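Data first, discussion second: the structure below is written as structure tokens.
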Amino acid sequence: MKELGIEDIRSAAQRLNGKLIHTPVLQSSQLNDLLGHEFYFKCENFQHIGAFKARGALNTLLWLKEQNRLPEKVVAYSSGNHAQAVAWACKQLGVKAQIFMPGNVSKVKSEGTRALGAELTFTSSRQEAEALADEAQLSGAYLVPPYDHDQVICGQGTAALEAMEALGGESVDAVFVPIGGGGLATGTLLAVKGFKPKINVIAGEPEAGNDAIQSLRSGAIVRLKESPDTLADGARTLSLSPRTFHYLKKLDDYFEVTEEEILEWTQKLIHFVKVQIEPTSALPMAAAVKWLKCQDQPKKVLVLLSGGNMDLETHRKIWETSYI
Numbered sequence: 005m006k007e008l009g010i011e012d013i014r015s016a017a018q019r020l021n022g023k024l025i026h027t028p029v030l031q032s033s034q035l036n037d038l039l040g041h042e043f044y045f046k047c048e049n050f051q052h053i054g055a056f057k058a059r060g061a062l063n064t065l066l067w068l069k070e071q072n073r074l075p076e077k078v079v080a081y082s083s084g085n086h087a088q089a090v091a092w093a094c095k096q097l098g099v100k101a102q103i104f105m106p107g108n109v110s111k112v113k114s115e116g117t118r119a120l121g122a123e124l125t126f127t128s129s130r131q132e133a134e135a136l137a138d139e140a141q142l143s144g145a146y147l148v149p150p151y152d153h154d155q156v157i158c159g160q161g162t163a164a165l166e167a168m169e170a171l172g173g174e175s176v177d178a179v180f181v182p183i184g185g186g187g188l189a190t191g192t193l194l195a196v197k198g199f200k201p202k203i204n205v206i207a208g209e210p211e212a213g214n215d216a217i218q219s220l221r222s223g224a225i226v227r228l229k230e231s232p233d234t235l236a237d238g239a240r241t242l243s244l245s246p247r248t249f250h251y252l253k254k255l256d257d258y259f260e261v262t263e264e265e266i267l268e269w270t271q272k273l274i275h276f277v278k279v280q281i282e283p284t285s286a287l288p289m290a291a292a293v294k295w296l297k298c299q300d301q302p303k304k305v306l307v308l309l310s311g312g313n314m315d316l317e318t319h320r321k322i323w324e325t326s327y328i
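Take a look at the structure:
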């Protein structure tokens, strides 16, 4: 396995230049005053398909095209945003897409995927979705996995690279990222450490689906038996891959986030930053708050808001109790 570095993230950024939205880095003076620290938010909810996943999917297909290996058909398995990203990227390049999705997927994400022209196959579980996507490769389709692929990782890493470049000389003390399968976290780690090694890279994961943190603590990959029951549907993964686990051992820290904290910070980010986010985006913010409580000086931190695709049922759950 080739060891990835910031030069690979920069290559992906060059490949994607002009084809994706250069998403903004926003601040909230109210939130800064409330918490006593300076926050920057990289808003991937403004990206095509409403999430960072567009980066990895499109980068992978463009990389294949560069090598004259662009397939006639692509398959993927996903709980939502990766499905939309692959469908969107395939549409840009005129490639057929078939997506295998567990039946409990967010309706807004499944309908968004269908609207982009992909063929959807619903499964009884994430395990079945993965197995069927793997099997489809036997018929000549190319599998674009949600995180276990170098070009997916490098594409995801361009979000953090953009943010670091946008901040210019404004150095941050730490960058916070959600962790599911580890594609965004790995890409972020490579981009940030390559940009400035002293910056901390810290991840947040649902306590209800903490396979990554269990893996990092034990030194061996832990795989869940079933998809975790968490509002953060972008983190309903079963395990890290050997590829992402290899890199994520270098994380500076990681925090488990409760379902109540996911509710609280989804609501507060919508209120204070004035953007539409999905619950997975609350993971890095909740992790940041936990880390900052241990600091004795005001800090500057960058939080990656991973997406903004939330269905009505989840929206209702978020606002059942006020945390404002």
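Position one of the sequence shown corresponds to residue 5 (the numbering used here), numbered consecutively onward.
Ideal Cβ positions, reconstructed from N, Cα and C, are used throughout, including at glycine.
Here the structure is a predicted model, which means the values were calculated and not measured.
Mind reading off the beta-carbon distance from residue i to residue j? Whole number of angstroms is fine, and I expect it under 8 Å.
i, j, result
"GLN280", "ILE322", "With 8 Å as the limit, GLN280 and ILE322 do not qualify as a contact, their Cβ atoms being about 11 Å apart."
"GLN155", "THR64", "4 Å"
"LEU171", "ASP215", "Contact doesn't hold; Cβ gap of about 32 Å is too wide."
"LEU136", "THR125", "7 Å"
"VAL3", "LEU30", "The displayed coordinates of the chain run from 5 to 328. Any statement about residue 3 would go beyond what the structure contains."
"HIS26", "GLU166", "6 Å"
"LEU194", "ILE10", "6 Å"
"THR318", "LEU235", "6 Å"
"LYS303", "HIS41", "5 Å"
"TRP92", "ALA58", "6 Å"
Buried or exposed for residue i, going by 16 or more other Cβ atoms inside 10 Å?
i, result
"ILE157", "buried"
"LYS297", "exposed"
"SER326", "exposed"
"ALA178", "buried"
"GLN299", "exposed"
"SER114", "buried"
"LEU306", "buried"
"MET314", "buried"
"ARG221", "exposed"
"ASP233", "exposed"
"MET289", "buried"
"PRO210", "buried"
"LEU24", "buried"
"ARG320", "exposed"
"ASP37", "exposed"
"ALA224", "exposed"
"SER175", "exposed"
"GLY98", "exposed"
"PRO246", "exposed"
"PRO330", "This structure leaves residue 330 out entirely; the chain is present only between 5 and 328."
"ILE328", "exposed"
Could you spell out the range, first to last residue, of the beta strand (DSSP E) harbouring residue i?
i, result
"ALA80", "77 to 81"
"PRO182", "178 to 182"
"MET105", "100 to 106"
"LYS57", "Looking at the DSSP string, LYS57 is not in any beta strand (DSSP E); the run it does join, the alpha helix (DSSP H), is 57 to 70."
"PHE43", "42 to 47"
"GLU342", "No answer is possible for residue 342: the residues shown for the chain start at 5 and end at 328."
"ASN204", "204 to 210"
Kindly indicate the opening and closing residues of the alpha helix (DSSP H) around residue i.
i, result
"ASN36", "33 to 39"
"VAL156", "154 to 171"
"VAL277", "263 to 277"
"LEU316", "316 to 322"
"LEU194", "187 to 199"
"VAL293", "286 to 296"
"VAL305", "It is not in any alpha helix (DSSP H) - VAL305 instead sits in the beta strand (DSSP E) that spans 304 to 309."
"ALA236", "From DSSP, ALA236 is part of no alpha helix (DSSP H); its letter is neither H nor E."
"PHE249", "246 to 252"
"ALA133", "130 to 140"
"THR117", "111 to 119"
"VAL90", "85 to 97"
Please return the same chain residues whose Cβ sits closer than 7 Å to the Cβ of residue i, not counting the five positions on each side in sequence.
i, result
"LEU228", "GLY213, ASP215, LEU242 and SER243"
"VAL109", "SER83 and GLY84"
"ALA292", "PHE180, VAL305 and VAL307"
"GLN218", "VAL226"
"PHE56", "GLU48, GLN160, ALA163, LEU188, SER310 and GLY311"
"PHE50", "ILE25, THR27 and PRO28"
Kindly list the residues whose CB is nearer than 8 Å to the CB of residue i, restricted to its own chain and excluding five residues on each side of it in sequence; keep chain order.
i, result
"SER128", "PRO106 and GLY107"
"LYS100", "GLU76, LYS77, VAL78, CYS94 and GLU123"
"LEU255", "ALA189, LEU193, VAL205, ILE206, ALA207 and LEU220"
Leaving aside the five residues before and after residue i along the sequence, list all residues of the same chain whose C-beta is less than 6 Å from its C-beta, in chain order.
i, result
"SER231", "ARG130 and ARG240"
"GLY185", "PRO150, TYR151 and THR241"
"PHE199", "MET168"
"ALA164", "THR192, ALA195 and VAL196"
"TYR81", "PHE104, ALA133, GLU134 and ALA137"
"LEU68", "LEU74"
Consider the C-beta atom of residue i and the heavy atoms of the ligand NAD; say whether any pair is separated by less than 7 Å.
i, result
"ASP233", "With respect to small molecules bound, the structure shown includes none, and the ligand NAD cannot be examined in it."
How do the segment 280 to 289 and the segment 8 to 28 stand: do at least 3 beta-carbon pairs fall below 8 Å, yes or no? The segment 280 to 289 makes no contact with the segment 8 to 28: fewer than 3 CB pairs, one atom from each, lie closer than 8 Å.
I want to know whether the segment 247 to 261 touches the segment 197 to 207 - three or more CB-CB distances under 8 Å. Inter-segment contact for the segment 247 to 261 and the segment 197 to 207 is present: three or more beta-carbon pairs are separated by less than 8 Å.
Please confirm if the segment 117 to 124 is in contact with the segment 65 to 75, defined as three or more CB-CB distances below 8 Å between the two stretches. With contact defined as three or more Cβ pairs closer than 8 Å, the segment 117 to 124 and the segment 65 to 75 are not in contact.
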